[in-house]
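Chains as they are written, first to last, in our numbering: chain A, 1 to 158; chain B, 1001 to 1158.
All residues carry an ideal CB built from backbone N, CA and C; glycine is no exception.
These notes concern the structure reproduced below.
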DNA sequence: ATGTTTGGTTGCATAACGCAACCACATATG
DNA sequence: CATATGTGGTTGCGTTATGCAACCAAACAT
């Protein structure tokens, strides 16, 4: 049996995972954020198998998260560059990094630190909040159907 | 060959993915956020296979993201409840949901809407920013080794 | 007492992954 | 020019993960 698809779930989390939820995929995106561009750079920085990397790069290009560029016209040496859609994954990766810093790597401290390139200020911890900056925990959240809700989603959350 | 482990990467994103990066795992956590507690609730709301759900619930309990409770002492009918560590995944799921709303479900609109239970205010879009609320894009970010950096991480980012 | 729900386990078929070997093309070196 | 090295893959093979259906014991409902 083939792997089950997530894009039928009427849920944006499932839709996101359908694109980047594969094993290795988000780490390839992380590498792109860290500056990798060529096949060999991804290969060495990740320790991934070549065929898997080929597959993931292809799928990320197809998903419009990476773009395949050929810097020299006559050469087939490609570079993989983040698209606008790909760069928009930054909050996902940073919130994962902050969760990992706090709950996985608590002992040794954060392996990587992010800060403002200009001022050196460190990052604010990402949190769920209203536009008035009121922080919301899970039990303060109302979960209701949105404009794109299916009938089953409606039935569940109304 | 067995699946390659991510927890050797000296990266908190990889460490996070080692715990929740499996196929289905983050959707199980989403269901816990949406209120599912029993095996059958997860089963019906996700459309997941029973053996896979058994495996994921076990691993999430082992990772201290879910806790297995037995409401009635003499019964073995369990409930799976989010721990503090599990609830801390909220920013990860919300940033994924917002990315999916914007880039995957753009046409139909968001399937699910989150808001402040008390005031009804809707959520702020999650973004990477300094403590002064200055929004940072990828090219404004300095990526440097943290206190837990390995020698290879040091070499890469110094 | 009987049937139904719950929370699983087991077996089997298919898909995904990891590793090594191979290959064509491009570039560097002598 | 000849040879070596680097790049960006593809292919084959063995192992692991996933999906589905069937089965099952304990708990609960009638």
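Checklist entry - What is the DSSP secondary structure of residue 166 of chain A, reduced to helix, strand or coil? => result What the structure shows of chain A is the stretch from 1 to 158, and residue 166 of chain A is not part of that stretch, so it cannot be assessed.
Item to check | 8 Å Cβ shell around residue 77 of chain A - same chain, five flanking residues per side excluded | outcome: Position 77 of the first chain, counted from the start, is the residue given in the question as residue 77 of chain A. Cβ within range, chain order: 38, 70 and 71.
Checklist entry - Can we count residue 121 of chain A as close to the ligand FMN, meaning its CB is less than 8 Å from some heavy atom? => result Absent from the structure shown: the ligand FMN. Ligands present: none.
Checklist entry - Quick one: is residue 1216 of chain B buried, meaning 16 or more other Cβ sit within 10 Å of its Cβ, or exposed? => result Absent from the model: residue 1216 of chain B. The displayed extent of chain B is 1001 to 1158, so no value can be given.
Checklist entry - For residue 1026 of chain B versus residue 27 of chain A, is the C-beta distance shorter than 9 Å? => result If you number the second chain from 1, residue 1026 of chain B lands on position 26. If you number the first chain from 1, residue 27 of chain A lands on position 27. Contact flag unset, no.
Checklist entry - Would the stretch 1101-1118 of chain B and the stretch 135-155 of chain A be scored as touching if the rule is three or more Cβ pairs under 8 Å? => result yes
Next on the checklist: So, with DSSP's three-state summary, where would you put residue 1142 of chain B?
Outcome noted: Taking the second chain and counting its residues from 1, the one referred to as residue 1142 of chain B is at position 142. Residue state, collapsed to three classes: strand.
Next on the checklist: By alpha-carbon positions, which one of A:146, A:85 and A:129 ends up nearest to residue 1109 of chain B?
Outcome noted: For this step, residue 1109 of chain B is matched to residue 109 along the second chain. Closest option to residue 1109 of chain B, Cα to Cα, is A:146.
Checklist entry - What residues match up with residue 1130 of chain B in a beta bridge as DSSP calls it? => result For the purposes of this step, residue 1130 of chain B is taken as residue 130 along the second chain, with counting starting at 1. In DSSP, residue 1130 of chain B forms a bridge with A:123.
Checklist entry - Between the stretch 37-67 of chain A and chain B, which residues of the former have CB atoms less than 7 Å from a CB of the latter, in chain order? => result none
Checklist entry - Would residue 1158 of chain B count as contacting chain A if we go by Cβ distances under 9 Å? => result The residue given as residue 1158 of chain B occupies position 158 in the second chain. Answer no: the Cβ-Cβ gap between residue 1158 of chain B and chain A never drops below 9 Å.
Item to check | Sub-9 Å separation of residue 125 of chain A and residue 10 of chain A beta-carbons | outcome: Against the first chain, residue 125 of chain A aligns to sequence position 125. Against the first chain, residue 10 of chain A aligns to sequence position 10. No, the Cβ-Cβ distance between residue 125 of chain A and residue 10 of chain A is not below 9 Å.
Item to check | Among A:119, A:85 and A:45, the one whose alpha carbon lies nearest that of residue 1106 of chain B | outcome: Looking up residue 1106 of chain B in the second chain gives position 106. The shortest C-alpha separation from residue 1106 of chain B is found at A:85.
Checklist entry - Looking at the C-beta of residue 1151 of chain B, does it have a partner C-beta in chain A at a distance below 9 Å? => result Residue mapping note: residue 1151 of chain B aligns to position 151 of the second chain, counting from 1. Chain A, which has no Cβ nearer than 9 Å to the Cβ of residue 1151 of chain B, makes this no.
Checklist entry - Name the DSSP beta bridge partners of residue 1013 of chain B, please? => result For the purposes of this step, residue 1013 of chain B is taken as the residue at position 13 of the second chain. DSSP output for residue 1013 of chain B lists no bridge partner at all.
Next on the checklist: As an exercise, report each continuous alpha helix (DSSP H) stretch of at least 4 residues that is fully enclosed by the stretch 1001-1072 of chain B, in chain order.
Outcome noted: 1012-1020, 1025-1034, 1039-1046 and 1050-1062
Item to check | Below-9 Å beta-carbon distance, residue 1091 of chain B vs any chain A residue | outcome: As a working note, residue 1091 of chain B is residue 91 in the second chain. Yes, its Cβ sits closer than 9 Å to a Cβ of chain A.
Checklist entry - Would you report the Cα separation of residue 131 of chain A and residue 1091 of chain B, rounded to the nearest angstrom? => result Working through the first chain from its first residue, we reach residue 131 of chain A at position 131. Working through the second chain from its first residue, we reach residue 1091 of chain B at position 91. Taking the straight line joining both Cα atoms gives about 15 Å.
Checklist entry - What residues from the stretch 1085-1110 of chain B come within 9 Å of chain A, judged by C-beta to C-beta, listed N to C? => result 1085, 1087, 1088, 1089, 1090, 1091, 1092, 1093, 1094, 1095, 1096, 1097, 1098, 1099, 1100, 1101, 1102, 1103, 1104, 1105, 1107, 1108, 1109 and 1110
Checklist entry - Under the three-state reduction of DSSP, which class applies to residue 1079 of chain B: helix, strand or coil? => result In the second chain, residue 1079 of chain B corresponds to position 79, counting from 1. The answer is strand: DSSP assigns residue 1079 of chain B an E or B state.
Next on the checklist: Spatial neighbours of residue 1067 of chain B within its chain, please: C-beta separation below 6 Å, excluding the five flanking residues on both sides.
Outcome noted: Your numbering for residue 1067 of chain B matches position 67 in the second chain. If we look at residue 1067 of chain B and ignore the five residues flanking it on each side, its Cβ neighbours are 1081 and 1083.
Checklist entry - What are the boundary residues of the alpha helix (DSSP H) that residue 1095 of chain B is part of? => result For the purposes of this step, residue 1095 of chain B is taken as the residue at position 95 of the second chain. Start and end: 1090-1103.
Checklist entry - In chain order, what residues of the same chain have a beta carbon less than 6 Å from the beta carbon of residue 1168 of chain B, not counting five sequence neighbours either side? => result Because chain B in this structure spans residues 1001 to 1158, residue 1168 of chain B falls outside the shown range and cannot be described.
Next on the checklist: Counting only beta-carbon separations shorter than 9 Å, does residue 79 of chain A have a partner in chain B?
Outcome noted: Sequence index remark: in the first chain, residue 79 of chain A carries index 79 (1-based). It does not: the Cβ of residue 79 of chain A has no partner Cβ on chain B nearer than 9 Å.
Next on the checklist: Restricting to Cα atoms, I'd like to know which of A:98, A:101, A:48 and A:150 is closest to residue 1003 of chain B.
Outcome noted: Looking up residue 1003 of chain B in the second chain gives position 3. Considering only alpha carbons, the answer is A:48.
Item to check | Contacts around residue 20 of chain A, its chain only, beta-carbon distance under 6 Å, and the 5 residues preceding and following it disregarded | outcome: For the purposes of this step, residue 20 of chain A is taken as the residue at position 20 of the first chain. These residues qualify, in order along the chain: 26.
Checklist entry - Exposed or buried, what is residue 56 of chain A when buried is set at 16 or more other beta-carbons lying within 10 Å of its beta-carbon? => result By 1-based counting over the first chain, the position of residue 56 of chain A is 56. The residue is buried, with at least 16 neighbouring Cβ atoms inside 10 Å.
Checklist entry - Between residue 102 of chain A and residue 1014 of chain B, which are expected to be in contact by the criterion C-beta below 8 Å, what is the C-beta distance as a whole number of angstroms? => result Working through the first chain from its first residue, we reach residue 102 of chain A at position 102. Working through the second chain from its first residue, we reach residue 1014 of chain B at position 14. Rounded, the Cβ-Cβ distance is 15 Å, inconsistent with contact.
Next on the checklist: Please report the distance separating the alpha-carbon of residue 135 of chain A from that of residue 1127 of chain B.
Outcome noted: As a working note, residue 135 of chain A is residue 135 in the first chain. As a working note, residue 1127 of chain B is residue 127 in the second chain. Computed Cα separation, rounded: 14 Å.
Next on the checklist: I'd like to know whether the C-beta atoms of residue 1099 of chain B and residue 12 of chain A end up nearer to each other than 9 Å.
Outcome noted: As a working note, residue 1099 of chain B is residue 99 in the second chain. As a working note, residue 12 of chain A is residue 12 in the first chain. Yes. Within cutoff.
Checklist entry - Can you pull the DSSP bridge partners for residue 1135 of chain B? => result For the purposes of this step, residue 1135 of chain B is taken as the residue at position 135 of the second chain. Answer is B:1129.
Next on the checklist: On the criterion of 16 or more Cβ atoms from any shown chain inside 10 Å, does residue 62 of chain A qualify as buried, or is it exposed?
Outcome noted: In the first chain, residue 62 of chain A corresponds to position 62, counting from 1. Exposed, by the Cβ-count rule.
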